[in-house]
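K.L.:
For the sequence shown, our numbering gives the first residue as 43, with consecutive numbering after it.
Beta carbons are placed, not taken as given, at the ideal position from N, Cα and C, and that holds for glycine.
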Amino acid sequence: MILIDNRNYLRLNNRPLLERLAEQEEHVETVIIEPSKRGLPTLKLTVDEKTQYVYSKYDPAKEVERLHKQKEMPENTKHVLFFGAGLGYQIQVLLNEYPDMDYSIYEPNVEVLVQLLSHQNLNDLCSDQLQKLFTTTKQEQLRSEIQQLYQLAGSNIYVYTLPVYEKLYAEELKTVMETIKELLKNKSINLVTTASYQIRWTLNSIKNFPFVFDTPNILHNMDKGVFADRPAIIVAAGPSLSEEFENLKYIKENGLAYIFSVGSAINALIEHEIYPDAACTYDPTEKNQIVFEKLKAKNIDFIPLIFGSSVGFETLQNYPGPLLHMITSQDTVSPQLLDTSQNIDIVLDAPSIAVVTFQLLKLLGCHQIILAGQNLAYPNNQRYAKEIKYDHVSSELSKAEMEELIAVKDVFGNDVPTNESFNLMRKQLEWYISTSPELEVINTTRGGAHISGTTFLPLSEVVQNKLLKKNVVLSKWYKVNNQYTKDYTQKQLRKIKDNQNECKQSIESARRELKKVESTTQQRQLNRLEQRFAKFDKEFSKLKQNSYYQAFIEPMLQVQNKLLSEKSQSIRYENDPIKKGNTVVEAFSKFLNEVQVHFEFVLPHYQELQERLENIISQKGKDKDES
């Protein structure tokens, strides 16, 4: 029977698990507890008709001591995941050596977990440090549990396995290790992406806000009836696009579906005199403007551009056609200046404009989304449709890029080469599709990567069998008015100016208090050090809570913030006050220097924004008076 203390622990921390274990308590059939030769209980279990001892039947204590010495746990480990709980002996041995270590337990056998909780009091295993306790053998649920653990514990996780479990639960162990590996890889990609874009996201959001303030928000100002229950095609620039121009021309001429071009597809469509109902863009880089050079040079002024508010600001300059916007999750400026009580939808940042556009079309109410040119792979080592050529990048992959390719299944079940970036895009698109069961998503991309949740159908068959209604596209659908409140934005500008001054003072105060921490540490005044820490924490917290800092400075320091957060975790465990003082000074001095540099960098851009907004608001006032 599960111990009272353990029941109470689960009642407070994991009631669903307690209910499941209570059901299992009377049906323990494959797990046996018996005394070892040395008297300490040992455990044996039967899995797939194989019965094995989890611990030695002679001396379990000696065995786990020997096992622990064989483990080579990395020095930077912050969290241990015990794969297999057994009776908890190995947990106790580890905690004896690392008494402050946080840990979690995954026990694939629910009967073993019942026995653990019936024989071992969690209070004796430092239950305050037990972060997560779970049991499952279902792959998707196990992946979900590991993802939650990763969010909770961070990347420095060590998986501590029992040898018997490595054999009996090889598939579950493989799932755990592959999931952690994938999460680490995604973290690496995300860190690189964030490091590359974090300044651009904020700079773009500042420079683009006058366009945001002066153009319609497609998710807020648009009549939902324009797109509701109508089909839309996302046209990407993959190599297979070259096979679809006749079909796309027919769709456009007959108004069978809205055509949204993403990325470089706009150039291939223009080349064939197919003018999409809208072009979508969100890439924050300076190079993004190159995509629209041809359109600007030809002065094509009737294709609406739907831009993410953190798009590369150069893209919007001199765009000849109508503009509409969508607020992106990386834009921290617009929420400061717009009345968010209006419940304005945003689109989440994603590794692909196709994923962002999918979100957009779902929010607009389209009932059928058709993917074209969405290869997410490199058939014949081709990067784009053959009509797309750039000076800055070759149409074919380089030898070095080809060496990095991996194989995935295409829509016909054959292997097709892709890379990690495209693979991540595909997985994210699949996730959005999986959360949208109400949508019919058709993939028409010949030879493209198979996208789970979609049905493959050649575009010619889609035209014949799916797009049966003509003229569903409304002309001039984009002609709507912006409804942002100028009075609210003016009030926010004044408030932000005050917050800007307070932010400057908070930076100076935090640096001053940190200097005092440094001086007190150097003089080894241990009796005053805690007081210095407290005063610095107060000033640093004040800076972090400043809304100007949160909107204009902090987003440019996402990577630095992450590193500081990880460093702060190690500071928390440091018991030597002098070491702690030196570490605090080193970590926070570096960070506050970055804050100061970025404060000075963003200041002239914010001042320019303020001036441009005042001119727009003034002009709107004159226009209103004249009308």
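1. Determine, using beta carbons only, whether Pro-318 and Asp-343 come nearer to each other than 8 angstroms.
2. Cutting at 8 angstroms between CB atoms, please list the residues of its own chain near Asp-256, excluding the five before and the five after it.
3. What residues in its chain sit with their C-beta under 7 angstroms from that of Phe-498, if we drop five residues either side in the sequence?
4. How about Val-375 and Phe-251: do their beta carbons lie closer than 8 angstroms?
5. Considering only their Cβ atoms, is the gap separating Tyr-202 from Val-122 smaller than 8 angstroms?
6. Starting from His-161, follow the alpha helix (DSSP H) in both directions and report where the run begins and ends.
7. Less than 8 angstroms separating the beta-carbons of Leu-175 and Leu-59?
8. Can you tell me which of the three DSSP states Glu-446 falls into?
9. Are the CB atoms of Ala-279 and Tyr-426 within a distance shorter than 8 angstroms?
10. To the nearest angstrom, how far is it from the Cα of Val-626 to the Cα of Ile-613?
11. For Asp-265, which residues of its own chain have a beta-carbon under 8 angstroms away from its beta-carbon, when the five flanking residues on both sides are left out?
12. Determine the direct distance from the alpha carbon of Tyr-648 to that of Tyr-324, and round the result to whole angstroms.
13. When you compare the CB positions of Glu-616 and Lys-622, do they come within less than 8 angstroms of one another, or not?
14. Rounded C-beta distance between Val-13 and Ala-127? I'm assuming under 8 angstroms.
15. Take Glu-356 as the anchor and find which of Leu-245, Ile-301, Met-598 has the nearest alpha-carbon.
16. Grouping DSSP H, G and I as helix and E and B as strand, with all else coil, what is Leu-194?
17. Taking just the CA atoms, how far does Glu-67 sit from Pro-116?
18. Could you tell me whether the Cβ atoms of Val-505 and Asn-198 are closer together than 8 angstroms?
19. Could you pull the DSSP bridge partners for Glu-76 from this structure?
20. What's the C-alpha gap between His-409 and Leu-481?
21. Whose C-alpha, out of His-161, Gln-134, Thr-119, Lys-120, is nearest the C-alpha of Lys-104?
22. Buried or exposed: Ile-448, going by 16 or more other Cβ atoms within 10 Å of its Cβ?
23. Please list, in chain order, all residues of the same chain as Ser-494 whose beta carbon is under 6 angstroms from its beta carbon, the five residues on each side excluded.
24. Buried or exposed for Ile-683, please, with buried defined as at least 16 other CB atoms from any protein chain shown within 10 angstroms of its CB.
25. Alpha helix (DSSP H) containing Ile-549: first to last residue?
26. Should Val-639 be labelled buried (16 or more other beta-carbon atoms within 10 Å of its own) or exposed?
27. Should the stretch 524 to 542 be regarded as contacting the stretch 378 to 388, the criterion being three or more beta carbon pairs within less than 8 angstroms?
28. Spatial neighbours of Ser-247 within its chain, please: CB distance less than 7 angstroms, with the 5 preceding and 5 following residues excluded, ordered by chain position.
29. What do you reckon, is the C-beta of Arg-53 under 7 angstroms from a heavy atom of the ligand SAM?
30. Among residues of its own chain, excluding the 5 on either side of Phe-630, which ones have a beta-carbon nearer than 6 angstroms to its beta-carbon?
31. Identify every run of the alpha helix (DSSP H) within the stretch 344 to 427, keeping only runs that are complete inside it and at least 4 residues long; order them along the chain.
32. Give a yes or no on contact between the stretch 325 to 335 and the stretch 302 to 311, applying the rule of three or more CB pairs nearer than 8 angstroms.
33. Name the one or two DSSP bridge partners that Phe-712 has.
34. Kindly identify the DSSP beta-bridge partner or partners of Asp-457.
35. Which residue from Leu-136, Val-156, Gln-532, Arg-488 puts its Cα closest to that of Glu-653?
36. Just how far apart, CA to CA, sit Leu-137 and Asp-457?
P.N.:
Taking the coordinates as given:
1. No, they are not a contact pair.
2. Take Asp-256, set aside five residues on each side of it, and the residues of its chain with a beta-carbon closer than 8 angstroms to its own are Asn-524, Ile-658, in chain order.
3. Within the same chain, Phe-498 has close Cβ partners Val-453, Asn-485.
4. Taking 8 angstroms as the Cβ cut-off, Val-375 and Phe-251 qualify as a contacting pair.
5. Yes, Cβ-Cβ distance for Val-122 and Tyr-202 is below 8 angstroms.
6. Counting along the chain, the unbroken alpha helix (DSSP H) around His-161 starts and ends at 152 to 161.
7. Closer than 8 angstroms, so yes.
8. Glu-446: coil per DSSP, three-state reduction.
9. In this structure, Tyr-426 sits near Ala-279, with a CB-CB distance shorter than 8 angstroms.
10. Between Val-626 and Ile-613, the C-alpha separation is close to 7 angstroms.
11. So the qualifying residues of the chain are Val-522.
12. Taking the CA atoms as reference points, Tyr-324 sits about 21 angstroms from Tyr-648.
13. Their beta carbons are under 8 angstroms apart, which means Glu-616 touches Lys-622 by this criterion.
14. A question about residue 13 goes unanswered here, because the residues of the chain that appear run from 43 up to 669.
15. Cα-wise, what sits closest to Glu-356 is Leu-245.
16. It is helical.
17. The alpha-carbon atoms of Pro-116 and Glu-67 are separated by roughly 37 angstroms.
18. Not closer than 8 angstroms, so no.
19. Answer is Thr-84.
20. One Cα belongs to His-409, the other to Leu-481, and the distance between them is close to 5 angstroms.
21. In terms of CA proximity to Lys-104, Gln-134 leads the group His-161, Gln-134, Thr-119, Lys-120.
22. Classification of Ile-448: exposed, given that the 10 Å Cβ count is below 16.
23. Here Ser-494 has Glu-472 as same chain residues with Cβ atoms under 6 angstroms from its own Cβ, once five neighbours each way along the sequence are excluded.
24. Absent from the structure is residue 683, since the part of the chain shown begins at 43 and ends at 669.
25. Note, Ile-549: alpha helix (DSSP H), 528 to 564.
26. So Val-639 counts as exposed.
27. The stretch 524 to 542 vs the stretch 378 to 388: in contact.
28. These residues qualify, in order along the chain: Ser-351, Ser-352, Asp-373, Thr-374, Val-375, Ser-376.
29. As far as ligands go, the structure on display features none, and thus does not contain the ligand SAM.
30. Contacts found: Leu-556.
31. Listed in chain order, they are 376 to 379, 395 to 406.
32. In short, these stretches touch, since the Cβ pair count reaches three.
33. Lying before the first or after the last residue shown, residue 712 is absent from the chain, which here runs from 43 to 669.
34. DSSP, once it has assigned bridges, lists Lys-451 as partnering Asp-457.
35. With distances taken between Cα atoms, Glu-653 lies closest to Gln-532.
36. Those two C-alpha atoms are separated by around 48 angstroms.
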